[in-house]
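Down below is the structure, laid out as structure tokens.
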Amino acid sequence: MTRNNPQTREWQALSNDHHLAPFSDFKQLKEKGPRIITHAKGVYLWDSEGNKILDGMAGLWCVAVGYGRDELADAASQQMRELPYYNLFFQTAHPPVLELSKAIADIAPEGMNHVFFTGSGSEGNDTMLRMVRHYWAIKGQPNKKVIISRKNGYHGSTVAGASLGGMTYMHEQGDLPIPGIVHIAQPYWFGEGGDMSPEEFGIWAANQLEEKILEIGVDNVGAFIAEPIQGAGGVIVPPDSYWPRMKEILAKYDILFVADEVICGFGRTGEWFGTDFYGLKPHMMTIAKGLTSGYIPMGGLIVRDDVVEVLNEGGDFNHGFTYSGHPVAAAVALENIRILREEKIIERVHGETAPYLQQRLRELNDHPLVGEVRGVGLLGAIELVQDKATRKRYEGKGVGMICRQFCFDNGLIMRAVGDTMIIAPPLVISKAEIDELVAKARQCLDLTLSALQG
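All residue numbers for the sequence shown refer to our numbering, where the first residue is 2 and numbers rise by one.
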């Protein structure tokens with residue numbers, strides 16, 4: 002990358018000297034230097050070299066209402082002047098967090114009227130683990146401790162969050178997962194379905210939950226946690242047969258069901274929650290990201306009323322964070338939800354931009370590199386393969402990272418998960434911007450194919 006702005010080199014020097022970046026090879030980043038993003042508006046970012054970039058990932062799946070919304074900055078500023086901080090410990094509360102709790106209850110599935118606030122989705126899932134075990138202890142079943150999750154699922158990067166997730170490369174660092182967490186197969190037909198039809202594979206993958214419950218013993222299983230659509234695992238949209246069979250299994254056994262809505266929540270699927278899209282009935286839902294459009298950190302756990310009734314009988318719940326329900330974050334989240342509702346952004350995603358994006362993305366199926374295009378709402382995945390018929394990958398080439406670099410160099414942020422390219426643009430993206438996104442994606446696929454053949 003050409004660097005003409007001397008400030009770019011100064012910022013990169015600061016990065017090298019003082020900053021440790023998340024999910025990074027520190028040595029490699031030092032040699033290359035990070036790309037410096039300086040400002041943003043709508044669905045676009047600008048770097049320190051003046052390059053304009055279409056953000057096909059909404060930051061990290063989170064910038065729902067787009068960049069540069071003054072209303073969110075004003076909400077934060079006003080709240081900072083009025084009450085910049087106070088905690089929720091010691092039987093106190095403040096108006097923003099109480100009003101936000103009500104606003105979330107209004108949009109959450111029926112019967113989910115209570116929220117425990119955290120600073121992130123990772124903390125939300127830590128809270129879930131402790132709350133599930135506390136719930137069963139109150140009910141006199143303290144052995145119901147095991148949480149079942151899925152391979153290649155993502156539930157955060159804290160010790161509990163990374164353990165709940167099924168990312169083996171994360172487990173290899175730090176002796177994870179912690180005890181009491183087990184994993185079952187993911188519903189990833191393209192990568193793991195073999196000779197089964199998608200419908201057959203969806204049933205098979207769902208049945209793994211029942212088999213695991215019976216293996217461990219229902220008296221030892223506290224909960225099952227899953228993303229409605231696996232995000233960081235590669236936008237894995239389960240076969241149509243998967244969730245209906247899962248609902249039958251969940252209804253059969255006495256365990257809690259937790260929907261991790263950190264990515265799917267707040268409009269990403271064209272419904273308020275992925276739970277709404279699939280007609281699921283979770284006992285708890287983890288939230289973050291789109292809750293504030295990423296403008297300020299905040300997460301939480303929405304809890305069903307019948308679970309809260311049990312928790313009410315359990316005395317102190319000895320858990321919480323300094324920044325639980327932070328008033329400034331709550332004020333921003335309230336304003337973000339107001340914008341989503343009043344501007345009917347989710348209705349527009351549902352009826353207009355999501356169908357258009359899915360239609361345009363599927364035009365890429367004709368590309369020689371593309372084995373499958375899939376997606377729901379404003380989520381999409383493009384599988385890069387060597388052989389379309391057999392779904393065979395290029396081995397040892399790092400095709401996804403090659404494509405990602407071409408995207409970076411040509412004004413598009415599209416993320417690589419192995420050799421799967423994924424997108425999740427801001428919910429405010431227009432049809433014209435979708436056209437630009439798909440055109441740039443095709444250009445970068447062409448460049449990737451040329452590089453592989455060259």
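All C-beta atoms, glycine included, are put in the ideal place defined by N, C-alpha and C.
Around the C-beta of asparagine 313, fewer than 16 other C-beta atoms lie within 10 Å, and the residue is accordingly described as exposed. Beta-bridge partners of histidine 40 (DSSP): Trp47.
Of the candidates Pro110, Thr93, His115, Ala94, His115 places its Cα closest to the Cα of serine 102. Shown here, asparagine 114 sits in a strand according to DSSP, grouped into three states. At the C-beta level, methionine 415 and alanine 382 stay beyond 8 angstroms of one another. In terms of Cβ geometry, valine 371 and leucine 365 form a close pair [threshold 8 angstroms]. Taken in chain order, the complete alpha helix (DSSP H) segments of 4 or more residues contained in the region 295-373 are 306-312, 328-343, 346-349, 355-363. DSSP places methionine 285 in the strand class (E or B) of the three-state scheme.
Between the C-alpha atoms of aspartate 306 and leucine 257 there is a straight-line separation of about 13 angstroms. Secondary structure of serine 158 (DSSP, three-state): coil. Under the three-state reduction of DSSP output, methionine 422 falls in the strand class. Excluding its 5 nearest sequence neighbours in each direction, leucine 89 has C-beta neighbours in its own chain below 6 angstroms: Ser325, Gly326, listed in chain order. When DSSP reads this structure, isoleucine 108 sits in no beta bridge, so it has no partner. Isoleucine 250 and methionine 197 have their C-alpha atoms roughly 21 angstroms apart. When the alpha-carbon of lysine 248 is set against those of Pro240, Glu212, Lys282, the nearest one is in Lys282. Here phenylalanine 27 is exposed. Its C-beta has fewer than 16 other C-beta atoms within 10 Å.
Each of Lys152, Tyr279, Ile148 was checked against the Cα of alanine 161, and the nearest Cα belongs to Ile148.
DSSP, reduced to helix, strand and coil, places phenylalanine 191 within a helical segment of the structure shown. Assignment of beta-bridge partners to tyrosine 68 by DSSP yields Gly43. For phenylalanine 278, the uninterrupted alpha helix (DSSP H) run begins and ends at 275-279, by DSSP. One thing to note: alanine 77 has its Cβ no nearer than 8 angstroms to the Cβ of isoleucine 346.
Checking the DSSP bridge columns, you'll see valine 377 partnered with Leu380. The beta carbon of glutamate 344 is closer than 7 angstroms to none in its chain, skipping five residues each way along the sequence.
For the pair isoleucine 37 and serine 49, the CB atoms are nearer than the 8 angstroms cut-off.
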